[in-house]
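A quick write-up on the structure given underneath.
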Amino acid sequence: MEQTDVIIIGAGPAGLSAGIYAGYYGLRTLIFEENIPGGLAAEIPLLEDYPGLQAGISGRNLVEKMVEQCKKPGVEIRQFEKVNNLVLEKKEKMVETDKSKYTADYVIIASGRQPKALDVPGANEFRGKGVSYCAVCDSAFFKNRKVAVIGEGTPAAEVALYLAEFASSLILACLRPRAEAERILIERLKKRDVEVLVNVETKEIKGDVKVKSVILADKKTGETKEIETDGVFLQLEETPNSQLAEKAGIRISEKKYIIVDEKGLTNIEGVYAVGDITDRPIKKTITAAAQAAIAINDIFERKSV
């Protein structure tokens, strides 16, 4: 059974940041990622609010740089290795994956969130046939086509702005009573002539072989309208990947986020959580990195005693 100082679960910005700091502190560290590194951050078209990157950077590009920075001090990223079970009660923690078992003095959970699927007629039927959850992946298929973005907050506005570079026309359908995004994004949407609808819900996505239209309903009046579109991009509320943590006895909130203290420590000694998986209110790449640095610093201080 392989033994190490720190095991990190998840290779998004939080997990990779933890790996970077752990490596530079000289901690033997393994990162497990069931897919490719990046998580939801890899799908961000343009990240403009990360300090020092005035021109912005794509989420994928930032992740690639973080991966290289992780590897420099010798941190190993085990891609396509899924963590299936955690045994955390003892001082030496056991992590079981679909390939092997490992032990570590400390475990950091950075498993992030995943998009909530849209549960309306046509959403699943036309997935990959006009319905998409990833603008960066599928934008090229909608050059000079009609596109609708359905979602909420800054993420939906960012996706709409990105797709406006490709689409012939674009509608942003917001689920809330107003477009709750950063002011600079709202101003850019207006300049790009993006039509913004607020307080609507999706009733159905229609088509034959591919998407042809989407039916939206005003939440206040109930009035429906059918909008012709070639593509529907979904940027919905995200849910935390906390099932494994909850099963292992880690305390979680009513909304299923892991409860942590100011250092990222959970209710189990030696077990931390960082990034979007935590109950911290701000979900940003920069805050994920900061939480990771704080957690690793606490681990280093504990090991140095």
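Letter by letter, the sequence shown follows residues 120 to 424 in my numbering. A virtual CB, placed ideally from N, CA and C, is assigned to each residue, including glycine.
**Study point:** Residue closest to ASP217, alpha-carbon to alpha-carbon, out of ASN243, ARG399, GLN198 and ARG232
**Key:** For the purposes of this step, residue 217 is taken as residue 98 along the sequence shown, with counting starting at 1. Residue GLN198 is the option with its Cα nearest to ASP217.
**Study point:** Environment of ALA414 [buried if 16+ CB atoms lie within 10 Å]
**Key:** By one-based count along the sequence shown, residue 414 stands at place 295. Buried is the call here.
Exercise for review: Return the first residue and the last residue of the beta strand (DSSP E) that ARG232 is part of.
Suggested key: Locating residue 232 in the sequence shown gives position 113, counting from the first residue. Note, ARG232: beta strand (DSSP E), 232-234.
Practice item. Can you tell me which of ASP124, PHE352, GLY368 and PRO240 puts its alpha carbon nearest to the alpha carbon of CYS293? Key: To locate residue 293, count along the sequence shown from 1; it is residue 174. Residue PHE352 is the option with its Cα nearest to CYS293.
Review point. Out of GLY171, LEU172, THR343 and ALA133, which has the shortest C-alpha to C-alpha gap to PRO156?
Key: Within the sequence shown, the letter at position 37 stands for residue 156. Out of GLY171, LEU172, THR343 and ALA133, ALA133 has the C-alpha closest to the C-alpha of PRO156.
Review point. Taking C-alpha atoms, which residue in GLY158, ASN180 and ILE387 lies nearest to ALA229?
Key: Taking the first residue of the sequence shown as 1, we reach residue 229 at position 110. The residue with the shortest Cα to Cα distance from ALA229 is GLY158.
Point to revise | C-alpha gap between MET185 and LYS338, whole angstroms | key: The count along the sequence shown starts at 1 and reaches residue 185 at position 66. The count along the sequence shown starts at 1 and reaches residue 338 at position 219. Each residue's Cα considered, the two are about 42 Å apart.
Exercise for review: Using beta-carbon positions only, say whether ARG313 and ALA279 come within less than 8 Å of one another.
Suggested key: On the sequence shown, position 194 is the one that residue 313 refers to. On the sequence shown, position 160 is the one that residue 279 refers to. According to the sequence as given, residue 313 is Val; it is not Arg. Yes. Within cutoff.
Exercise for review: List the endpoints of the continuous beta strand (DSSP E) containing LEU335.
Suggested key: Position 216 of the sequence shown, counted from the first residue, corresponds to residue 335. From DSSP, the beta strand (DSSP E) with LEU335 extends over 330-337.
Practice item. Excluding the 5 residues preceding and the 5 following GLU345 in the sequence, name in chain order all residues of the same chain whose CB lies nearer than 6 Å to its CB. Key: Walking along the sequence shown from the start, residue 345 turns up at place 226. If we look at GLU345 and ignore the five residues flanking it on each side, its Cβ neighbours are SER332 and ILE334.
Review point. From ASP224 to ALA160, what does the alpha carbon distance come to, in whole angstroms?
Key: Within the sequence shown, the letter at position 105 stands for residue 224. Within the sequence shown, the letter at position 41 stands for residue 160. Roughly 28 Å separates the two Cα atoms.
Practice item. Just mark ALA141 as buried or exposed, buried being the case when its beta carbon has 16 or more other beta carbons within 10 Å. Key: As a first step, residue 141 must be located in the sequence shown, where it is residue number 22. Buried is the call here.
Exercise for review: Pair every Cβ in the segment 273-288 with every Cβ in the segment 242-261, then say whether three or more of these pairs are closer than 8 Å.
Suggested key: yes
Check your understanding: Taking only runs of the alpha helix (DSSP H) that begin and end inside the segment 267-318, which ones reach a length of at least 4 residues, in chain order?
Key -> 272-282 and 302-310
Review point. If you count every other CB in all the chains shown that lies within 10 Å of the CB of PRO274, and 16 or more means buried, which is it?
Key: Mapped onto the sequence shown, residue 274 falls at position 155. Under this definition PRO274 is a buried residue.
Review point. DSSP state of ILE387, grouped into three classes?
Key: If you number the sequence shown from 1, residue 387 lands on position 268. If DSSP states are grouped into helix, strand and coil, ILE387 belongs with coil.
Review point. Alpha carbon to alpha carbon, how far is ILE126 from LYS310?
Key: Here residue 126 refers to the residue found at position 7 when the sequence shown is read from its first residue. Here residue 310 refers to the residue found at position 191 when the sequence shown is read from its first residue. Whole-angstrom Cα-Cα distance: 46 Å.
Review point. Among residues of its own chain, excluding the 5 on either side of LYS382, which ones have a beta-carbon nearer than 7 Å to its beta-carbon?
Key: Position 263 of the sequence shown, counted from the start, is the residue given in the question as residue 382. Contacts found: ILE413, ALA414 and ASP417.
Practice item. Please list, in chain order, all residues of the same chain as LYS329 whose beta carbon is under 6 Å from its beta carbon, the five residues on each side excluded. Key: In the sequence shown, counting from the first residue as 1, residue 329 sits at position 210. Excluding residues within five positions, the ones whose Cβ falls inside 6 Å are LYS248 and GLY249.
Practice item. Could you tell me how far apart the beta carbons of GLY231 and ASN360 are, in whole angstroms, since I believe they sit closer than 8 Å? Key: Looking up residue 231 in the sequence shown gives position 112. Looking up residue 360 in the sequence shown gives position 241. So it is a contact: roughly 6 Å between Cβ atoms.
Check your understanding: For the segment 178-195 against the segment 204-214, are there 3 or more C-beta pairs whose distance is under 8 Å?
Key -> no
Check your understanding: Taking buried to mean at least 16 other C-beta atoms within 10 Å of its own C-beta, is LYS366 buried or exposed?
Key -> Taking the sequence shown and counting its residues from 1, the one referred to as residue 366 is at position 247. When all chains shown are included, LYS366 counts as exposed.
Exercise for review: Would you kindly check if the distance between the Cβ of TYR391 and the Cβ of ILE227 is under 8 Å?
Suggested key: Sequence index remark: in the sequence shown, residue 227 carries index 108 (1-based). Sequence index remark: in the sequence shown, residue 391 carries index 272 (1-based). Contact: yes.
Exercise for review: With a threshold of 16 other CB atoms inside 10 Å of the CB of LYS212, please say whether the residue is buried or exposed.
Suggested key: Mapped onto the sequence shown, residue 212 falls at position 93. Its Cβ being crowded by 16 or more others within 10 Å, LYS212 is buried.
Review point. Is THR406 helix, strand or coil when you go by DSSP?
Key: For this step, residue 406 is matched to residue 287 along the sequence shown. If DSSP states are grouped into helix, strand and coil, THR406 belongs with the helices.
Check your understanding: Less than 8 Å separating the beta-carbons of CYS189 and GLY241?
Key -> Reading the sequence shown from its first residue, position 70 is the one you call residue 189. Reading the sequence shown from its first residue, position 122 is the one you call residue 241. Contact flag unset, no.
Review point. DSSP state of GLN173, grouped into three classes?
Key: Within the sequence shown, residue 173 is the residue found at index 54, counting from 1. It is coil, neither helix nor strand.
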